[in-house]
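Peer 1: Take the sequence shown: its letters are residues 1 to 252, numbered as in UniProt numbering. For reference, the structure I am asking about is given below.
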Amino acid sequence: MAVALLTQVSSNGVPLSSLSPLPISNPPLPFKPKPRFLSTNPNRPPNLTIARAESRPNDSTTPSPPLEANETVFVGEESVPLEGVIQFDKPDLTSQLSKWGRVAVLAGGDVLALLLFSAIGRFSHGFPVLDVETLRTADPFIAGWFLGAYFLGGYGEDGRGMNGFSKALIASAKSWGVGIPLGLVIRAVTSGRIPPTNFVLVTMGSTAVVLIGWRALLFAIFSSDKSQKNDVYRRGSPFELLELLTSLVRRW
Numbered sequence: 001m002a003v004a005l006l007t008q009v010s011s012n013g014v015p016l017s018s019l020s021p022l023p024i025s026n027p028p029l030p031f032k033p034k035p036r037f038l039s040t041n042p043n044r045p046p047n048l049t050i051a052r053a054e055s056r057p058n059d060s061t062t063p064s065p066p067l068e069a070n071e072t073v074f075v076g077e078e079s080v081p082l083e084g085v086i087q088f089d090k091p092d093l094t095s096q097l098s099k100w101g102r103v104a105v106l107a108g109g110d111v112l113a114l115l116l117f118s119a120i121g122r123f124s125h126g127f128p129v130l131d132v133e134t135l136r137t138a139d140p141f142i143a144g145w146f147l148g149a150y151f152l153g154g155y156g157e158d159g160r161g162m163n164g165f166s167k168a169l170i171a172s173a174k175s176w177g178v179g180i181p182l183g184l185v186i187r188a189v190t191s192g193r194i195p196p197t198n199f200v201l202v203t204m205g206s207t208a209v210v211l212i213g214w215r216a217l218l219f220a221i222f223s224s225d226k227s228q229k230n231d232v233y234r235r236g237s238p239f240e241l242l243e244l245l246t247s248l249v250r251r252w
């Protein structure tokens with residue numbers, strides 16, 4: 001078309017040099033929108049927004065739901081059950097009542113045993129039994145017994161018979177061996193005179209019979225469930241030991 005146009009112009013007698021060139025328009029540049037969130041000032045630092053940790057749904061700080069009493073806990077990457085590895089018995093209200101109930105029974109029986117010792121002693125000397133002096137005679141021995149039993153485990157797990165019959169008798173004997181001599185010392189201090197030797201020997205023998213004897217009878221009749229449970233655990237089969245070792249290996 002350009003050749004035909006030049007031919008037509010030249011045929012009309014117009015020189016080609018007098019013709020001005022056609023204006024050629026530049027093609028439009030592609031439009032680049034400015035960013036909306038970035039500042040045009042190069043010296044101004046960009047604004048940063050820090051997201052809060054609570055906004056992430058899978059955050060590690062999210063509290064886990066509480067475990068039920070009989071729910072099995074899984075540990076490790078392979079979710080190895082914790083059952084069979086370590087178990088703790090949480091103290092509940094029933095165990096606390098059972099504990100303090102045993103302490104109350106033992107303390108009451110000990111006081112009655114010492115009152116019986118005092119009553120027998122006064123009766124053997126021809127004094128009235130149902131008298132306030134019977135309680136006053138037993139007072140220093142009651143105080144010495146409770147002090148010795150408190151510090152030597154007379155009312156602890158061994159003294160309550162929780163760990164077997166033999167340990168209960170040993171705890172009672174230790175409490176007697178310290179508490180009754182301490183009661184004799186208290187009696188000597190409060191009365192102002194040292195008791196004779198025969199009185200000391202009779203007191204030690206009589207209190208051993210009434211205190212250790214009644215406790216031995218109580219522990220023989222009412223055996224502890226915990227000692228029976230420990231006996232069952234000691235009679236476990238070798239397969240249970242193998243299962244425990246396997247669970248430990250899988251855990252680590």
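Quick reminder that beta carbons are idealized off the backbone N, C-alpha and C, glycines included. Being a predicted model, the structure only gives us computed values, none of them experimental.
Can you name the start and end residues of the alpha helix (DSSP H) that residue 182 belongs to?
Peer 2: Translated into positions along the sequence shown, residue 182 becomes position 182. First-last of the alpha helix (DSSP H) with residue 182: 165-191.
Peer 1: Would you mind sorting residue 136 into buried or exposed? The rule is 16 or more other CB atoms within 10 Å of its CB.
Peer 2: What you label residue 136 is simply residue 136 of the sequence shown in a count that begins at 1. Exposed.
Peer 1: For the region 176-193 and the region 139-146, state whether three or more C-beta atom pairs, one from each stretch, are separated by less than 8 Å.
Peer 2: Contact between the region 176-193 and the region 139-146 is present, because at least three Cβ pairs lie under 8 Å.
Peer 1: Would you list, in sequence order, the uninterrupted alpha helix (DSSP H) runs of no fewer than 4 residues that lie entirely inside the region 123-171?
Peer 2: You should have 132-151.
Peer 1: Going by DSSP, what residue range makes up the alpha helix (DSSP H) through residue 202?
Peer 2: For the purposes of this step, residue 202 is identified with residue 202 of the sequence shown, where counting begins at 1. Unbroken alpha helix (DSSP H) run through residue 202: 197-207.
Peer 1: Quick check on residue 194: does DSSP put it in helix, strand or coil?
Peer 2: Within the sequence shown, the letter at position 194 stands for residue 194. Reduced to three states, the DSSP call for residue 194 is coil.
Peer 1: Are the CB atoms of residue 213 and residue 175 within a distance shorter than 8 Å?
Peer 2: As a position in the sequence shown, residue 175 is number 175, starting the count at 1. As a position in the sequence shown, residue 213 is number 213, starting the count at 1. Their beta carbons are not under 8 Å apart, which means residue 175 does not touch residue 213 by this criterion.
Peer 1: Tell me the DSSP secondary structure of residue 222 in three-state form.
Peer 2: One-based indexing of the sequence shown puts residue 222 at position 222. Reduced to three states, the DSSP call for residue 222 is coil.
Peer 1: When the Cα atoms are used, what is the spatial distance from residue 126 to residue 132?
Peer 2: Sequence index remark: in the sequence shown, residue 126 carries index 126 (1-based). Sequence index remark: in the sequence shown, residue 132 carries index 132 (1-based). Distance between the alpha carbons of residue 126 and residue 132: 15 Å.
Peer 1: Tell whether a beta-carbon distance below 8 Å holds between residue 159 and residue 171.
Peer 2: As a working note, residue 159 is residue 159 in the sequence shown. As a working note, residue 171 is residue 171 in the sequence shown. Yes, these two residues count as a Cβ contact at 8 Å.
Peer 1: Spatial neighbours of residue 107 within its chain, please: C-beta separation below 8 Å, excluding the five flanking residues on both sides.
Peer 2: Taking the first residue of the sequence shown as position 1, residue 107 is located at position 107. These residues qualify, in order along the chain: 146 and 155.
Peer 1: By the 10 Å Cβ neighbour count, where 16 or more other Cβ atoms means buried, how is residue 219 classified, buried or exposed?
Peer 2: Position 219 of the sequence shown, counting from 1, holds the residue named residue 219. It is buried - the Cβ of residue 219 has at least 16 other Cβ atoms within 10 Å.
Peer 1: Express the C-alpha separation of residue 216 and residue 198 in angstroms, rounding to a whole number.
Peer 2: For the purposes of this step, residue 198 is taken as the residue at position 198 of the sequence shown. For the purposes of this step, residue 216 is taken as the residue at position 216 of the sequence shown. Computed Cα separation, rounded: 26 Å.
Peer 1: Could you tell me the alpha carbon to alpha carbon distance between residue 165 and residue 102, rounded to whole angstroms?
Peer 2: Within the sequence shown, the letter at position 165 stands for residue 165. Within the sequence shown, the letter at position 102 stands for residue 102. If I take the Cα positions, the gap works out to 15 Å.
Peer 1: Going by C-alpha distance, which of 178, 161 and 207 is nearest residue 105?
Peer 2: As a working mapping, residue 105 is identified with position 105 in the sequence shown. Residue 105 has its Cα closest to that of 161, out of 178, 161 and 207.
Peer 1: Examine the ligand FAD and report whether any of its heavy atoms sits within less than 7 Å of the Cβ of residue 182.
Peer 2: With respect to small molecules bound, the structure shown includes none, and the ligand FAD cannot be examined in it.
Peer 1: Once the 5 residues before and after residue 157 are set aside, which same chain residues still bring their CB inside 6 Å of it?
Peer 2: Stepping through the sequence shown from its first residue, residue 157 is reached at position 157. Counting only Cβ-Cβ distances below 6 Å, and skipping sequence neighbours, we find 163.
Peer 1: In or out: residue 210 buried (at least 16 other Cβ within 10 Å) or exposed?
Peer 2: Working through the sequence shown from its first residue, we reach residue 210 at position 210. Buried: at least 16 other Cβ atoms inside 10 Å.
Peer 1: Going by beta carbon distance, what residues of the same chain come within less than 6 Å of residue 123, once the five residues before and after it are set aside?
Peer 2: Indexing the sequence shown from 1 puts residue 123 at position 123. Taken in chain order, the residues that qualify are 129.
Peer 1: Taking buried to mean at least 16 other C-beta atoms within 10 Å of its own C-beta, is residue 118 buried or exposed?
Peer 2: By one-based count along the sequence shown, residue 118 stands at place 118. Its Cβ being crowded by 16 or more others within 10 Å, residue 118 is buried.
Peer 1: Using a Cβ-Cβ cutoff of less than 7 Å, which residues in the same chain neighbour residue 195 once the five nearest sequence positions on both sides are dropped?
Peer 2: Within the sequence shown, residue 195 is the residue found at index 195, counting from 1. Closer than 7 Å at the Cβ level, and outside the excluded window around residue 195, lie 184, 187 and 188.
Peer 1: For residue 256, which residues in the same chain have their Cβ closer than 7 Å to its Cβ, ignoring the five residues on either side in sequence?
Peer 2: A question about residue 256 goes unanswered here, because the residues of the chain that appear run from 1 up to 252.
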